[in-house]
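*Asks:* Residue numbers (my numbering), protein chains in the order written: chain A, 1 to 456; chain B, 457 to 912. Yeah, the Cβ is synthetic: ideal placement off N, Cα and C, and Gly gets one too. Have a look at this one before I ask anything.
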């Protein structure tokens with residue numbers, strides 16, 4: 001029987017790990033640069049913490065952990081007799097795996113409220129688990145990478161987060177568009193056309209304007225239950241165009257009657273002018289169709305797309321008003337951003353954007369020529385490590401071809417040879433595996449050459 | 457209802473995280489320095505991979521994940537009618553949380569055998585889960601930190617691992633004793649006294665010699681079923697003393713009749729002389745009573761204790777002969793070491809060994825004086841971040857006392873003040889929170905001061 005892992009999960013080998021670490025450590029340093037502190041929460045949460053937070057579908061997608069021991073003891077006989085799997089679950093499972101980082105974060109804030117300094121700026125990089133049907137690019141275990149500020153209404157936080165996003169992708173070398181919207185503008189539009197319950201239909205329709213044209217969008221809106229008058233009123237909103245400043249002006253005059261919309265536009269103006277004053281490398285774009293997590297966000301909505309790869313959203317976030325209300329601590333506003341590590345990994349792979357340092361593998365391998373030579377080699381290796389060189393010695397005195405084959409297979413840039421001659425002189429022969437060039441060097445000289453040359 | 461987390465699990469706040477990260481990143485860099493590559497495996501493994509690997513007790517301590525959907529469908533009616541929790545488990549759960557890093561590593565090696573370069577040197581730092589009864593210092597979720605070399609018999613690997621252990625604790629500033637033994641010596645002793653099945657009893661008894669004296673040890677051995685003759689033969693082994701070299705000599709002459717013991721002693725000599733030639737900061741001690749994971753280790757056995765804190769073993773490891781046999785790939789020898797992150801954390805806390813950099817928190821906080829000042833401050837903050845300074849701006853224009861209180865509570869060493877005067881000059885007032893000293897500086901000057909001074 002060949003061993004395997006559960007579907008939708010992955011092993012990460014050395015090369016993938018080095019690349020993922022490069023992404024995570026880039027994000028982590030920028031988080032720190034912006035004053036965010038890391039926290040970690042347990043993989044398992046009480047089901048009472050998780051259930052009901054992700055909708056009915058989400059409850060089903062939670063991985064639940066069977067109680068230890070005689071899990072059927074004390075369970076209502078009727079549930080067992082009726083084979084009522086759904087209700088039995090809550091009796092035989094008390095814990096579940098975290099589904100995202102937001103609910104555990106909310107739980108953390110409430111549980112530790114007295115120890116936290118508000119505004120609380122936290123980041124968290126941990127795996128989450130969902131019993132989703134696995135498919136290309138969708139896994140049952142994947143990492144989330146979130147930063148949030150809670151306890152402050154100020155739009156300074158939005159400006160800071162946009163700068164942070166800009167800096168992360170600049171460091172990763174990914175050209176991006178940051179799309180921006182505000183829930184209040186969306187609510188204002190729905191209010192303005194007299195269809196406050198049709199928010200999602202409206203945004204879906206607006207989103208299609210470029211693809212299917214105004215005529216078809218209006219047709220679709222009709223199918224979704226908007227009347228002709230409502231569609232007429234919506235037309236100028238759908239048709240806004242031009243630069244971000246022009247779009248804001250058009251929205252402002254069209255939606256003047258909605259106070260909510262005006263507030264949203266004012267917020268957008270403040271955020272946009274704030275980041276523009278500081279200079280952004282990314283393209284910033286107002287997108288009135290942007291509505292991610294509509295039920296959750298109450299102000300700014302942010303989405304990031306890569307400009308050079310077709311892959312959907314690679315980062316998203318926004319402002320919410322009531323993170324912790326469900327845990328009995330109402331009125332805590334916050335704004336957050338979540339980096340999609342798996343998609344960013346795919347983007348960097350597609351564009352081959354990993355710097356050679358991202359490999360961070362072994363820099364030199366000492367060949368093994370037998371006992372005496374190995375003892376001498378290990379002393380030199382020790383010296384190299386003290387200088388920060390990542391090195392290893394082939395542990396067995398195998399055939400030269402086999403030993404060199406390892407250095408080759410692992411892309412180790414240098415091989416050090418300590419035979420009888422070298423030993424006598426206290427030197428080593430350093431072979432550059434890319435060029436084939438060999439030099440007889442002292443360990444100190446070799447350290448310099450290896451330190452400089454990541455030949456591959 | 458105050459939210460809580462499952463018993464035996466922990467939240468890690470910013471201060472704990474910074475400290476844990478310091479430990480993990482120290483270990484990680486040393487692993488890399490010694491040529492180990494990182495891998496990660498999924499939190500969930502198939503139960504078929506995990507069951508039967510940790511003994512009957514271990515099977516019970518596995519956290520099992522309930523199958524999704526109608527988990528009772530197709531389950532044998534008889535098991536349900538009999539409320540047979542034990543056998544039902546395997547029908548309603550296919551997956552479990554990993555219990556350690558060794559079994560997933562073995563599974564990984566077999567599954568990816570064709571992609572791996574032997575000897576394969578991997579490290580892995582991930583949480584594991586055990587449904588143990590939680591108690592002080594024992595958690596249901598904790599990190600393991602393992603490095604292993606598989607596919608090589610050479611004792612060079614042992615020497616490398618001992619150096620690696622030495623380097624990790626030197627970097628952490630912890631004085632340690634490394635205790636060393638060899639399973640073959642233990643087997644040889646048992647062989648020699650004619651009680652090959654009494655290995656554990658013998659090691660437990662030897663271990664107590666310092667505490668209870670030879671007389672009592674022999675009494676205990678009698679109770680454990682050894683006869684007088686066997687105890688007589690064991691006495692010189694129990695009584696070995698002196699330096700490591702002297703102990704080896706005494707063992708060698710006492711156990712000369714056992715070939716197995718002689719082989720173990722030869723291995724110990726090679727490992728010890730190997731590390732001594734390279735120089736070890738730690739104290740290395742031969743300990744014939746050392747037997748950790750006896751059923752698992754087949755050669756070298758390693759255990760590390762802190763010299764300045766009473767806390768038991770903080771790192772352990774050894775050589776095994778058949779890591780992957782259970783997955784159908786026999787004869788793969790390896791040697792590994794596992795750092796006990798939680799205990800190392802406790803040791804560093806007890807000795808207060810965290811360097812100030814381990815905090816790696818925010819270095820400067822800009823005060824918020826309102827819109828215009830904030831815009832100017834954010835430009836300076838941007839400049840500082842470009843120079844690598846970790847900084848934040850108080851997002852709201854709150855009372856000065858409240859803002860300064862935050863810097864104080866978070867131990868942020870510098871506060872930057874940009875009021876009207878400063879704005880006019882393009883400067884900022886930098887306050888050193890430790891000394892109270894204030895200076896009017898250009899952003900470039902402030903960068904220099906902040907970069908140098910981790911005042912706290």
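1. Against chain A, which members of the stretch 826-858 of chain B pass a CB distance test of less than 7 Å?
2. By the three-class DSSP mapping on this structure, what secondary structure does residue 606 of chain B have?
3. Measuring only between beta-carbons, confirm whether residue 295 of chain A sits less than 8 Å from chain B.
4. Using beta carbons (cut-off 8 Å, strictly below), is residue 818 of chain B in contact with chain A?
5. According to DSSP, what are the bridge partners of residue 625 of chain B?
6. Is DSSP giving residue 364 of chain A helix, strand or coil here?
7. Name the two residues that bound the continuous beta strand (DSSP E) containing residue 306 of chain A.
8. Of all the residues that make up the stretch 490-516 of chain B, which are near chain A by a beta-carbon distance shorter than 9 Å?
9. Write down the C-beta distance between residue 744 of chain B and residue 696 of chain B rounded to the nearest angstrom, noting that I regard them as a contact closer than 8 Å.
10. Grab me the residues of residue 822 of chain B's own chain with a C-beta within less than 6 Å of its C-beta, minus the 5 sequence neighbours each way, in chain order.
11. What are the complete alpha helix (DSSP H) segments, minimum 4 residues, inside the stretch 7-49 of chain A?
12. Buried or exposed: which applies to residue 460 of chain B, given that a residue is buried once 16 or more other Cβ atoms fall within 10 Å of its Cβ?
13. With a threshold of 16 other CB atoms inside 10 Å of the CB of residue 685 of chain B, please say whether the residue is buried or exposed.
14. Give the range of the beta strand (DSSP E) segment to which residue 458 of chain B is assigned.
15. Along chain A, in chain order, which residues have C-beta atoms closer than 8 Å to that of residue 613 of chain B?
16. Within 10 angstroms of the Cβ of residue 69 of chain A, are there 16 or more other Cβ atoms? Answer buried if so, exposed if not.
17. Over the uninterrupted beta strand (DSSP E) stretch that includes residue 580 of chain B, give me the two end residues.
18. Residue 591 of chain B CB to nearest chain A CB: under 8 Å?
19. Residues of the stretch 861-890 of chain B with a CB closer than 7 Å to any CB of chain A: list them in chain order, please.
20. Closer than 7 Å between beta carbons: that is the criterion. Which residues of the stretch 533-551 of chain B meet it against chain A?
21. Indicate the three-state DSSP secondary structure (helix, strand or coil) for residue 254 of chain A in the structure shown.
22. Taking 8 Å as the cut-off, does the stretch 295-302 of chain A touch the stretch 276-284 of chain A (at least 3 CB pairs, one atom from each stretch)?
23. Candidates A:424, A:419, A:453, A:442: which alpha carbon is nearest residue 433 of chain A's?
24. Mind pulling the chain A residues with CB within less than 9 Å of residue 566 of chain B?
25. Identify, in the order they occur along the chain, each residue of the same chain with its Cβ nearer than 7 Å to the Cβ of residue 519 of chain B, setting aside the five sequence neighbours on each side.
26. My assumption, with CB atoms under 8 Å, is that residue 582 of chain B sits in contact with residue 557 of chain B. Please give the rounded CB distance.
27. Does residue 216 of chain A come out as helix, strand or coil in the three-state DSSP assignment?
28. Can you give me the Cβ contacts of residue 483 of chain B inside the same chain, cut-off strictly under 6 Å, excluding the 5 residues immediately before and after it?
29. I'd like to check one pair, residue 337 of chain A with residue 364 of chain A: are the Cβ atoms closer than 8 Å?
30. Please state whether the Cβ-Cβ distance between residue 649 of chain B and residue 689 of chain B is less than 8 Å.
31. Could you give the first and the last residue of the continuous alpha helix (DSSP H) run that contains residue 228 of chain A?
32. Since residue 655 of chain B is in the alpha helix (DSSP H), which residue starts that stretch and which ends it?
33. As a quick exercise: from A:306, A:324, A:195, A:330, pick the residue whose alpha carbon is nearest that of residue 348 of chain A.
34. Comparing the C-beta of residue 922 of chain B with each C-beta of chain A, is any distance below 8 Å?
35. Please check the pair residue 640 of chain B and residue 716 of chain B, which I expect to be a contact at CB under 8 Å, by giving their CB distance rounded to whole angstroms.
36. Given residue 580 of chain B, which residues of its chain have a CB within under 6 Å of its CB, disregarding the five upstream and five downstream residues?
*Replies:* This is what the structure gives:
1. 830, 831, 834, 835, 838, 841, 846, 847, 848, 849, 851, 852
2. In the structure shown, residue 606 of chain B sits in a strand (DSSP, three-state: E or B).
3. Chain B places no beta carbon closer than 8 Å to that of residue 295 of chain A, leaving this residue out of the contacts.
4. yes
5. Partner(s): none; residue 625 of chain B has no beta bridge.
6. Looking at residue 364 of chain A - three-state DSSP - the assignment turns out to be strand.
7. 300-306 is the span of the beta strand (DSSP E), which, as asked, contains residue 306 of chain A.
8. Result list: 490, 491, 492, 493, 494, 495, 496, 497, 498, 499, 500, 501, 502, 504, 505, 516.
9. 7 Å
10. A distance below 6 Å between beta-carbons, with the five flanking residues on each side excluded, links residue 822 of chain B to the following residues of its chain, in chain order: 833, 837, 849, 872.
11. The alpha helix (DSSP H) runs of length 4 or more contained entirely in the stretch 7-49 of chain A are, from start to end of the chain, 14-33.
12. exposed
13. Exposed, by the Cβ-count rule.
14. Per DSSP, residue 458 of chain B belongs to no beta strand (DSSP E) and is neither H nor E.
15. 395
16. exposed
17. 576-585
18. no
19. 862, 865, 866
20. The stretch 533-551 of chain B vs chain A, Cβ under 7 Å: 536, 539, 541, 545, 549, 551.
21. helix
22. no
23. A:453
24. 2, 3
25. Here residue 519 of chain B has 552, 553, 585, 587 as same chain residues with Cβ atoms under 7 Å from its own Cβ, once five neighbours each way along the sequence are excluded.
26. Residue 582 of chain B to residue 557 of chain B, Cβ: 6 Å. Contact.
27. Here residue 216 of chain A carries a helix assignment [DSSP, helix/strand/coil].
28. 601, 624, 795
29. no
30. If you check the CB distance, residue 649 of chain B and residue 689 of chain B come in under 8 Å.
31. 228-238
32. Here the alpha helix (DSSP H) through residue 655 of chain B covers 655-663.
33. A:306
34. Outside the modelled stretch of chain B, which goes from 457 to 912, sits residue 922 of chain B, for which no answer is possible.
35. 5 Å
36. 495, 557, 602
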